[in-house]
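Participant:
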Amino acid sequence: LHAALQDRDAESRIVLQVHDEVILEVPPTEREAVAELTLEAMRGAAELSVPLEVNLSFGATWAEAK
Numbered sequence: 013l014h015a016a017l018q019d020r021d022a023e024s025r026i027v028l029q030v031h032d033e034v035i036l037e038v039p040p041t042e043r044e045a046v047a048e049l050t051l052e053a054m055r056g057a058a059e060l061s062v063p064l065e066v067n068l069s070f071g072a073t074w075a076e077a078k
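Residue numbers (this note's numbering): 13 to 78.
1. By the DSSP assignment, the alpha helix (DSSP H) with L17 in it spans what residues?
2. Reducing DSSP to helix, strand and coil, say where E59 ends up.
3. Which word fits T50, buried or exposed, when buried means at least 16 other C-beta atoms lie within 10 angstroms of its C-beta?
4. How far does the alpha helix (DSSP H) with E76 in it extend, from its first residue to its last?
5. Taking Cβ positions, are S69 and A77 nearer each other than 8 Å?
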């Protein structure tokens, strides 16, 4: 995900990664594109025999995004 953001010269940045969660700072203008990149990266993080469910949310604070 970090490399994909850099390749696109995105302003968005990964702030924190804890266990199965990634927190990013994303300008409103990049929200849709970064959401797509994040979902793709998270779903492809491991090769499994079952689909990997990924949830995505936005908020001005961590509490709002939960």
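Think of the CB as a built atom: it goes at the ideal place given N, C-alpha and C, for glycine as much as any other residue.
No experiment lies behind these values; they were computed from the predicted model shown.
Facilitator: Put simply:
1. From DSSP, the alpha helix (DSSP H) with L17 extends over 14-19.
2. Three-state result, E59: coil.
3. Burial state of T50 is buried, judged by a 10 Å Cβ sphere holding 16 or more other Cβ atoms.
4. Note, E76: alpha helix (DSSP H), 74-77.
5. If you check the CB distance, S69 and A77 come in under 8 Å.
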